[in-house]
Amino acid sequence: MTEEKISSRARILPFVVVLVALLIWAALARFRLFPESVFPSPAAVARGFVEELRNGRLVDDVVASLFRVTTGFALAVFTGIPAGLWLGHHARARTAFLPVVNFFRSLSPLAWIPFAILWFGIGDLPTVFLIFMASFFPVVLATVAAVASIPSVYFRVARDYGFSNNEVLTKVTLPAIAPQVITSLRVTAGLAWLVVVAAEMIAGRAGLGFAIWDARNGLRMDLLVCGMIVIGVIGVVIDRVLLQLTRISSIRWGYER
Amino acid sequence: MNDKPLRLEDVSLSFGAVDVFRHLSLEVTDGEFVAVVGPSGCGKTTLLNLFSKFLKPETGRVECAGRVRMVYQHDSLFPWLTVAENISLGLRDLGNDSERARQLEEITHLIGLEEFANHYPHQLSGGMRQRVELARALVGDTDILLLDEPFSSLDYLTRLRMRNELARMLDQLPRTVVLVTHDIEESAQLADRIIVLSERPARICCEFHLNIARPREPTHPRVVETVHKILAEMGLERKGSAALSSLVS
Chain A
1 MTEEKISSRA RILPFVVVLV ALLIWAALAR FRLFPESVFP SPAAVARGFV
51 EELRNGRLVD DVVASLFRVT TGFALAVFTG IPAGLWLGHH ARARTAFLPV
101 VNFFRSLSPL AWIPFAILWF GIGDLPTVFL IFMASFFPVV LATVAAVASI
151 PSVYFRVARD YGFSNNEVLT KVTLPAIAPQ VITSLRVTAG LAWLVVVAAE
201 MIAGRAGLGF AIWDARNGLR MDLLVCGMIV IGVIGVVIDR VLLQLTRISS
251 IRWGYER
Chain B
1 MNDKPLRLED VSLSFGAVDV FRHLSLEVTD GEFVAVVGPS GCGKTTLLNL
51 FSKFLKPETG RVECAGRVRM VYQHDSLFPW LTVAENISLG LRDLGNDSER
101 ARQLEEITHL IGLEEFANHY PHQLSGGMRQ RVELARALVG DTDILLLDEP
151 FSSLDYLTRL RMRNELARML DQLPRTVVLV THDIEESAQL ADRIIVLSER
201 PARICCEFHL NIARPREPTH PRVVETVHKI LAEMGLERKG SAALSSLVS
């Protein structure tokens with residue numbers, strides 16, 4: 001109960017922190033610790049933000065990046081969860097495939113950039129491919145781990161009460177793994193968002209990563225910071241959206257035990 | 001109706017090199033409440049797994065005539081379903097929606113959890129969860145209830161209360177029951193017949209019959225006397241002290 005009270009009052013705390021950070025930034029810019037050309041002030045960034053909004057580039061870049069992340073991430077989720085379920089239920093397959101899955105999980109997705117460009121050229125496709133490579137393997141591993149941790153008694157109960165194979169999947173396995181899988185989706189979505197920016201810097205002609213690279217080439221540090229802020233804010237928003245999934249009443253149990 | 005719905009005939013079973021049962025035979029009469037006690041690891045739960053057909057014997061026959069439900073040692077409620085949804089699993093086979101709703105209401109009333117019907121298991125106390133487990137196993141058309149140390153995770157006072165609850169529920173919804181427990185007092189308080197198993201390979205050391213009505217007080221002289229006898233049989237108390245203590249009481 002006290003936690004509830006604290007959280008309602010604590011809601012303004014993050015804004016206070018942001019405000020203090022802005023003040024420090026403004027002070028540093030004002031005292032010219034670095035030349036203005038390499039350390040833009042908040043006001044310059046705000047002007048850059050308005051400029052980017054007016055000419056429509058910012059919106060285009062956000063849409064391009066979000067489209068790529070959503071596509072790559074969705075592909076990874078819709079193939080990774082079934083793959084994880086299959087591996088989770090088949091010990092032999094798990095023994096066979098897990099080392100390979102772990103190998104690719106440990107490989108930085110950015111290492112694929114040269115191949116992504118050679119195979120798919122420049123634009124949406126290589127970026128979607130890179131996001132898929134970044135997200136697929138963690139989703140598979142998280143699903144395998146979640147399936148392995150389902151208490152076996154749930155399957156016995158399902159058998160006692162006459163569940164069909166299909167019902168065991170949809171009414172036992174999926175709800176049982178949901179909390180763990182959702183947690184991993186939050187982590188993986190963050191990863192995907194990191195990768196899209198890096199990928200667009202090299203293999204993009206639009207998108208927030210490309211915008212940052214373009215600003216750097218044009219020595220527009222104000223626009224660069226503007227891009228950084230937008231990327232950070234969207235990252236937080238994506239996480240908040242996925243966090244809402246954990247509030248669903250039939251999923252909350254996984255976070256309250 | 002078969003008057004011996006549960007029957008083991010000359011059953012042998014081993015797990016690798018470990019002999020669990022060798023030529024074990026056992027019958028349970030229709031409507032009877034049988035408790036099985038014995039040293040830890042002697043195969044009490046395995047016995048239930050044979051009755052529920054989860055395990056097959058290597059030799060011998062297992063007969064189980066009727067619909068069986070099992071209540072497990074550990075939390076086996078689905079945490080993603082509410083109390084009402086969990087109990088409704090036991091009513092899946094009822095075709096009629098209104099009949100299902102009626103039985104659900106009746107049983108939630110019987111276990112006194114009407115107000116908690118829409119709560120999730122993690123929002124309930126251990127005793128409440130166990131009552132829901134019992135309700136789920138008791139509703140619908142079942143004949144046989146297999147209880148695998150259902151109250152072992154509860155504190156002593158809650159356990160005492162749950163024994164009375166179970167007695168009351170069975171009074172309303174009579175079933176043939178096999179209760180596996182390490183709690184000798186529990187067995188003496190609840191069962192019509194108590195079977196004491198030996199160390200592995202388990203054989204039946206002895207049986208005790210208690211033809212007194214449930215619920216029974218834990219301090220009922222017959223209950224106390226039976227507890228002493230069982231303890232003596234298991235080598236945990238000197239033989240003869242039972243007579244002494246019943247003399248004192």
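Taken in order, these protein sequences are the chains called A and B. Numbered by this note's numbering, the letters in the first sequence go through residues 1 to 257 in order. Numbered by this note's numbering, the letters in the second sequence go through residues 1 to 249 in order. The beta-carbon is built from N, C-alpha and C at its ideal position, and this holds for glycine as well.
Asked                                                                                                                                                                                : Found
Need the endpoints of the beta strand (DSSP E) that B/Val139 sits in, please.                                                                                                        : Looking at the DSSP string, B/Val139 is not in any beta strand (DSSP E), and its letter there is neither H nor E.
Looking only at its own chain, which residues have a Cβ that is under 6 Å from the Cβ of A/Val172, when we skip the five neighbours before and after it?                             : Tyr154 and Ala158
If we ignore side chains and look at the alpha-carbon of each, how far apart do B/Ala232 and B/Leu138 end up?                                                                        : 34 Å
Counting contacts by CB-CB distance shorter than 8 Å, is B/Ser125 in contact with chain A?                                                                                           : no
Check whether the Cβ of B/Met70 lies closer than 8 Å to any Cβ atom in chain A.                                                                                                      : yes
Could you check how far apart the C-beta atoms of B/Val83 and B/Val37 are, in whole angstroms? I think they sit under 8 Å.                                                           : Contact flag wrong, Cβ pair sits at about 31 Å.
Kindly list the residues whose CB is nearer than 7 Å to the CB of A/Leu75, restricted to its own chain and excluding five residues on each side of it in sequence; keep chain order. : Phe132
Can you list the alpha helix (DSSP H) stretches of 4 or more residues lying completely in the region 143-179 of chain B, in chain order?                                             : 156-172
Would you say A/Ser149 lies against chain B (beta-carbon separation less than 8 Å)?                                                                                                  : no
Does A/Val181 get closer than 8 Å to chain B when you measure Cβ to Cβ?                                                                                                              : no
By a C-beta neighbour count over all protein chains shown, 10 Å radius and 16 as the cutoff for buried, is B/Gln189 buried or exposed?                                               : buried
Is it true that the region 160-178 of chain A meets the region 27-42 of chain A, where meeting means three or more beta-carbon pairs spaced less than 8 Å apart?                     : no
So, at 6 Å on beta carbons, what are the nonlocal neighbours of A/Gln180 in its own chain, with the 5 sequence-adjacent residues on each side left out?                              : Ala146
Which bits of chain A does B/Pro79 rub up against, with CB to CB less than 7 Å?                                                                                                      : Trp253
Note down, in chain order, all residues in the region 16-36 of chain A with a beta-carbon under 7 Å from any beta-carbon belonging to chain B.                                       : none
Kindly examine the ligand PLP and report whether one of its heavy atoms sits closer than 7 Å to the Cβ of B/Leu48.                                                                   : Ligands in the displayed structure: none, and consequently the ligand PLP is not present.
Run the CB neighbour count on A/Gly218, radius 10 Å, all protein chains shown included, and call it buried at 16 or more, exposed below.                                             : exposed
According to DSSP, is B/Phe33 part of a helix, a strand, or is it coil?                                                                                                              : strand
Tell me, please, whether the CB atom of A/Glu200 is closer than 8 Å to any CB atom in chain B?                                                                                       : no
Taking A/Gly162 as the query, report the chain B residues whose CB atoms sit under 8 Å from its CB, ordered along the chain.                                                         : Arg92 and Asp93
Could you check where the beta strand (DSSP E) with B/Gly60 kicks off and where it finishes?                                                                                         : Thr59 to Cys64
Let me confirm a value: B/Ala213 is counted as buried when at least 16 other C-beta atoms fall within 10 Å, else exposed. Which label applies?                                       : exposed
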